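Per our numbering: the sequence shown = residues 3 to 603.
Taking it in order: structure first as structure tokens, then the write-up.
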Amino acid sequence: MNVAGKIGWSALALGVACACTGCGERGAGAGTGGMAYRDAHPLPADTMTVEMERPGVYGGRFVFGETSGPKTFNGMIANETSTTDVTDRLFVSLTDFDNDRQIEVPLLAKAWEMSPDGLTWTYHLRRGAAFSDGHPLTAEDVLFSFDLVYDPEIHPSVVELLKPGGKPVQYSAPDSYTVVFRIAKPYALMNAAASSVRIMPKHRLYAAWKAKRFESAYGTNTPPESLVTSGPWMLKQYVENEKVVLTRNPYWFQVDARGHRLPYLEELVFLTVPEQNTAALKFQAGELDALDNTKPDDFTMFKQGEARGHYRVYDLGPALNSNFFWFNLNLKKDRKTPYVERWKYALFNNPEFRRAVSEAVDRDAMIRGPFYGRAFKNWATTTQGNKVWHDENVTRHDYDPESARRRLAGLGLKDTNGDGYLEDAAGHTVSFTMMTNADNNIRTALLNMIAEDLKKVGIRAIQTPVDFNTAITRIRDDKSYESMLLGLQSGVPPDPSMGQNVYRSSGKTHYWYLEQPTPATPQEARIDELMERIGSTNDVAARKRWWLEVKNIVNDQCWFIWLPSLKHYNMVSDKFGNVHPSIIPHRILWNIERVYRKPAA
């Protein structure tokens with residue numbers, strides 16, 4: 003089966019803009035009022051013509067606000083949105099996802115096909131594709147990138163997506179422009195999983211990998227001129243805690259219908275704005291061209307100010323993002339010693355305690371309060387916004403403070419000294435710290451409400467807001483936290499199999515107990531089995547049934563204590579054309595290569 007043909011994006015449908023290198027409108031102005039842009043390099047043999055609302059013009063910059071800067075520029079190990087928002091622009095993948103049409107489309111691979119038995123996938127790469135330094139991008143770089151994926155010392159989070167049948171994918175390259183993957187059993191998300199791997203430059207990073215320095219390569223201290231990229235953008239400037247400036251990759255293979263190379267913009271700027279109120283003020287002052295980290299209470303104000311402010315508000319509906327908190331159940335290498343005090347671990351590790359905590363949380367009050375009514379109760383990573391995988395018939399432990407008190411009493415917890423807080427049999431006051439990222443006003447407000455709710459059932463929760471990168475370090479590295487309130491952004495495509503790294507016990511985002519050598523509980527072993535099944539068939543009914551069981555297990559165990567999710571909106575300045583915000587991540591930047599600054603602006 004020719005997959006590219008099936009989804010309507012065959013090489014012919016895309017159109018090959020040039021039959022030979024060097025043709026096209028070289029050095030022409032891109033449109034009336036636009037900056038004349040002279041393309042210094044011949045177009046590759048296999049360009050990719052991008053469909054868009056209207057051809058754009060060259061020049062200008064687009065400034066986007068981020069609550070924190072990237073932790074790395076290494077696209078292989080990037081794993082939090084403050085980093086992937088940047089690295090996903092710097093590094094290409096085999097295919098892409100069109101948020102408008104919600105289909106997979108060619109990218110570095112101009113076409114691909116799957117064998118009748120579903121076990122062999124063949125990708126045909128674009129001839130003439132190149133890295134930002136002009137070095138040819140070939141199958142050798144794809145194989146190198148998959149070597150990195152399966153390196154156990156690197157263990158990038160995407161590796162959990164690439165073990166169909168529990169076995170690594172076998173990969174080879176019969177020539178410089180063909181890559182063949184062989185898998186142990188059919189895998190419904192094979193294409194999306196393979197395309198979650200960012201292609202890294204072997205000619206620049208092979209030596210670092212062999213010297214076991216790959217994870218430190220392409221750090222935020224790497225000079226821009228030394229950071230070779232495979233995507234449509236390359237690094238121009240990085241100022242710590244201030245901004246990241248990207249500029250176009252002069253060798254990128256995407257073009258518009260006239261054969262003009264993309265991106266149109268001269269610069270894409272990520273401005274670090276840690277606080278939501280400050281971000282809103284900067285947007286209103288014109289210092290930001292888009293605002294995605296929005297507060298629900300600002301919606302009416304922004305909507306009323308559209309015409310006056312020369313921007314558009316996009317009301318995107320139920321978000322695909324989730325909010326939740328969890329307890330630290332990580333064990334050290336001996337699998338016996340917890341990172342938290344043992345008496346606390348005994349409580350945290352008891353599902354009855356976690357259920358009581360969940361039942362103490364008043365989610366309706368949260369929706370009325372910090373969310374200003376622009377939210378909905380949510381019980382899974384597949385939210386109401388996911389029209390295919392959302393299911394209301396899921397196990398939940400919603401607000402029921404009387405049930406919470408009964409559960410806590412059943413654990414032998416009592417207020418023996420009359421101070422309003424429970425104690426265990428050894429006299430320890432039932433208390434724990436709760437962290438979240440301080441830059442998110444809603445999360446800090448939720449933290450306060452949770453503390454008040456828990457106090458009513460005799461539990462002391464101590465709010466501890468920290469900056470986002472500190473929170474990530476606590477989760478992944480030193481594991482020095484007790485409870486954490488964060489969330490997850492949907493995978494792309496928004497399919498449950500894209501959450502293998504979250505739900506599999508060995509996953510790097512299996513937050514409550516990361517990277518387990520073997521499943522710590524029978525329930526986690528069952529989830530591992532179900533996640534394998536979900537990815538191994540195209541039977542949608544069976545996949546939905548197994549996914550519901552996964553959600554029910556997680557919710558019965560209360561490993562994630564779910565909180566409401568936003569009804570999302572964002573704003574973009576009307577100075578730009580070809581803007582199409584989407585509820586699927588990245589909501590604004592997913593098509594930034596075709597966005598242009600209007601000449602009149």
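Virtual Cβ for every residue (Gly too), placed ideally from N, Cα, C.
In this text, all values refer to a predicted model and were calculated from it rather than measured experimentally.
The residues D291, Y313, in chain order, have a CB closer than 6 Å to that of S575 in the same chain once the five nearest residues on each side in sequence are set aside. Across the structure, H430 and A377 are spaced so that their CA atoms are roughly 37 Å apart. Taken in chain order, the unbroken stretches of alpha helix (DSSP H) that lie wholly in the region 283–315 and span 4 residues or more are 301–306, 308–311. With fewer than 16 other CB atoms across the displayed protein chains lying within 10 angstroms of its CB, Q172 is exposed. The beta-bridge partner set that DSSP reports for I464 consists of T435. Between the alpha carbons of R445 and K297 lies a distance of about 11 Å. Every beta strand (DSSP E) of 3 residues or more that sits fully in the region 110–150 is shown, in chain order, as 111–116, 122–127. In this structure, the straight-line span from the alpha carbon of R184 to that of P118 is close to 13 Å.
In this structure, K187 and P166 form a Cβ contact; the two beta carbons are roughly 6 Å apart against a cut-off of 8 Å. Judged by DSSP secondary structure, K346 falls within the alpha helix (DSSP H) whose first and last residues are 344–350. With fewer than 16 other Cβ atoms from the protein chains shown falling within 10 Å of its own Cβ, Q239 counts as exposed. From the listed residues L109, W123, N419, the smallest Cα separation to E115 is found for W123.
E269: member of the beta strand (DSSP E) spanning 269–274, first to last residue. In this structure, the CA atom of D455 is about 13 Å from the CA atom of G422.
Between the region 121–138 and the region 191–208, the count of C-beta pairs closer than 8 Å reaches three or more; the two stretches touch.
The residue from W391, W345, L448, Q104 with its alpha-carbon nearest to that of N325 is L448.
Note that the C-beta distance between C560 and R356 is below 8 Å. Look at P176 here: in three-state DSSP terms it is strand. Across the set G460, D402, H392, A427, the C-alpha of G460 shows the shortest separation from the C-alpha of G420. A check of alpha carbon separations from L264 across E53, F272, A453, D143 identifies E53 as the nearest.
Counted as a single uninterrupted DSSP element, the beta strand (DSSP E) harbouring S575 occupies residues 567–575.
For V181, the CB contacts under 6 Å within the same chain, skipping 5 residues up- and downstream, are Y125, A141, V144, A175 in chain order.
Below 8 Å, enough C-beta pairs join the region 578–595 and the region 93–102 to call them touching: three or more. W211 places its beta carbon 8 Å or farther from that of P234.
In this structure, the alpha-carbon of E394 lies about 16 Å from that of A321.
Apart from the 5 residues on each side of it in sequence, V161 sits with its Cβ closer than 7 Å to the Cβ of V151, Y152 in its chain, given in chain order.
Within the DSSP secondary-structure output, M486 pairs in a beta bridge with W328, M437.
With a beta-carbon spacing of about 7 Å, L568 and N323 fall inside the 8 Å limit used to define contacts. Leaving aside the five residues that flank E82 on each side, the residues in its chain whose CB is nearer than 6 Å to its CB run, in chain order, I474.
DSSP, reduced to helix, strand and coil, places W514 outside both helices and strands of the structure shown, so it counts as coil. Between T383 and G501, the gap from beta carbon to beta carbon is short of 8 Å. Of V275, P57, P276, the smallest CA-CA separation from G579 is found for P57. In this structure, A427 sits away from D469, with a CB-CB distance that is not shorter than 8 Å. Two segments are said to touch when three or more pairs of C-beta atoms, one from each, lie closer than 8 Å; by this definition the region 342–359 does not touch the region 535–542.
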